[in-house]
Amino acid sequence: MTDNAAGEILADVHRGVGRILLNRPEALNALTTDMVLAIDRVLAEWEHARLSRVVLASTGPKAFCAGGDIRTIREHSLAGDAGASERFFASEYRLNARIAEYGVPVVSLIDGLCMGGGLGLSVHGGFRVVTERAVLAMPETAIGFFPDVGASYFLPRLPGAIGMYLGLTGHRLDAADALYTGLGTHFVPSHELEAVGDALADHPDEPVDVVLSRLAGRSPVARSRLAAVRGDVDRAFGAPTLGEIEDRLGHLGTAWASSALAALESASPHSLDVTHDLLARGRQRTLRECLDAELALTRTLIRTPDFLEGVRAALVDKDRTPVWRPARQGRPRRGAESSQ
1 MTDNAAGEIL ADVHRGVGRI LLNRPEALNA LTTDMVLAID RVLAEWEHAR
51 LSRVVLASTG PKAFCAGGDI RTIREHSLAG DAGASERFFA SEYRLNARIA
101 EYGVPVVSLI DGLCMGGGLG LSVHGGFRVV TERAVLAMPE TAIGFFPDVG
151 ASYFLPRLPG AIGMYLGLTG HRLDAADALY TGLGTHFVPS HELEAVGDAL
201 ADHPDEPVDV VLSRLAGRSP VARSRLAAVR GDVDRAFGAP TLGEIEDRLG
251 HLGTAWASSA LAALESASPH SLDVTHDLLA RGRQRTLREC LDAELALTRT
301 LIRTPDFLEG VRAALVDKDR TPVWRPARQG RPRRGAESSQ
């Protein structure tokens, strides 16, 4: 197995199946620029090989990929190094597009955390195997950022208003929820995950879905909790404005609605405005157009006070008490007085 990015990416070809393993377990496989470039380079090299599939996985059980190394992006912003941040996001989004357009099926094995950039690696590839330990989320509004890595393309294409709900609140999905939404495609227990690569290699001429379904059929999955509140999700997050979303949640008065409302009220007001507009427009855009729009947004948003404060509170000081600036545009918002 070949080492790349100082051993943080391991890659090889085994019986016609390309394997890329994320190997930065101490950082939950948070993506650096070097890691992104290494994955992209391997995939580019394999375009000329005779592979039947590519598998993306992790060497550790805690995380597939917890996202991008956003703490380093904050350091670049504080240092005024816009070029370093530009290289990271441009490289990451180029990799997202490559995975989406890759010539052979890409299968991601999601065992543990899969957030932000982890979804960018997995969701564009066609097949996402989740285990009972899988946790999927786009939690960016909680750190003053926005759902990127093509989220403005894939979230609006989830059933009903689920994508808007996930993008605005950062709600965490378990395996059952991931399968219900389509972010996960198959379930395999964690102790059987190593069998996936061998099964794909054993049956190179069978459709990937058939091979994975055969493995998945051995283990039943619990009922999705998100499915139980789907009607309320669509009713509230299908509203045309953020203000109406909050109003509808307030009128529902259920435990789920209160939790969703609390998530909105704790997020960056500016990030919520940006995210709502981005997801509303994303349904009309191609993936490439969505990635271009997201890249343009990163250039300004990573320098905003909310981004610097959100990452500080979540990842630097870890006090979880960000003090947001009021949204520059938009409506009056509950709790806005406390952020002044």
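Just so you know, we're using UniProt numbering here: the sequence shown kicks off at 1 and counts up by one. Beta carbons are placed, not taken as given, at the ideal position from N, Cα and C, and that holds for glycine. Just so it is clear, the structure is predicted and the values come from calculations on it, not from any experiment.
Item: Coarse secondary structure for Gly18, derived from DSSP in three states; Value: strand
Item: Burial state of Thr298, where buried means 16 or more other Cβ atoms lie within 10 Å; Value: buried
Item: Under 8 angstroms between C-beta atoms of Val196 and Val55; Value: yes
Item: is_contact[Gly83, chain B] using C-beta, thresh 8 angstroms; Value: No chain B appears in the structure shown, which is made up of a single protein chain.
Item: As assigned by DSSP and simplified to three states, the class of Asn96; Value: helix
Item: For Val221, three-class secondary structure by DSSP; Value: coil
Item: Beta-carbon proximity check, Ala257 vs Leu264, cutoff 8 angstroms; Value: no
Item: Terminal residues of the alpha helix (DSSP H) in which Phe154 lies; Value: 151–154
Item: Straight-line Cα distance separating Arg94 from Leu295; Value: 10 angstroms
Item: Whole-angstrom distance between Pro269 and Asp277, CA atom to CA atom; Value: 13 angstroms
Item: C-beta atoms of Gly163 and Gly120 nearer than 8 angstroms; Value: no
Item: The alpha helix (DSSP H) enclosing Leu119, as first and last residue numbers; Value: 117–122
Item: Exposed unless 16 or more other CB atoms sit within 10 angstroms - verdict on Gly103; Value: exposed
Item: Phe64, DSSP secondary structure in three states; Value: strand
Item: Contacting residues, own chain, Cβ-Cβ under 6 angstroms from Met35 (five flanking each side not counted); Value: Ala5, Glu8, Ile9
Item: Inter-residue Cα distance where the pair is Gly217 and Ala161; Value: 29 angstroms
Item: Spatial neighbours of Ser91 in its chain, beta-carbon cut-off 8 angstroms, leaving aside the 5 residues before and after; Value: Thr33, Val36, Leu37, Asp40
Item: Length of the line joining the Cα atoms of Asp306 and Leu215; Value: 45 angstroms
Item: Ile110 versus Gln284: straight-line alpha-carbon distance, rounded; Value: 29 angstroms
Item: Boundaries (first-last residue) of the beta strand (DSSP E) holding Ile110; Value: 106–110
Item: Reference Gly144; option with closest CA among Arg15, Leu21, Arg50, Ile73; Value: Ile73
Item: Cβ-based burial, His191 [other Cβ within 10 Å; buried from 16]; Value: exposed
Item: Where the alpha helix (DSSP H) through Ala236 begins and ends; Value: 230–237
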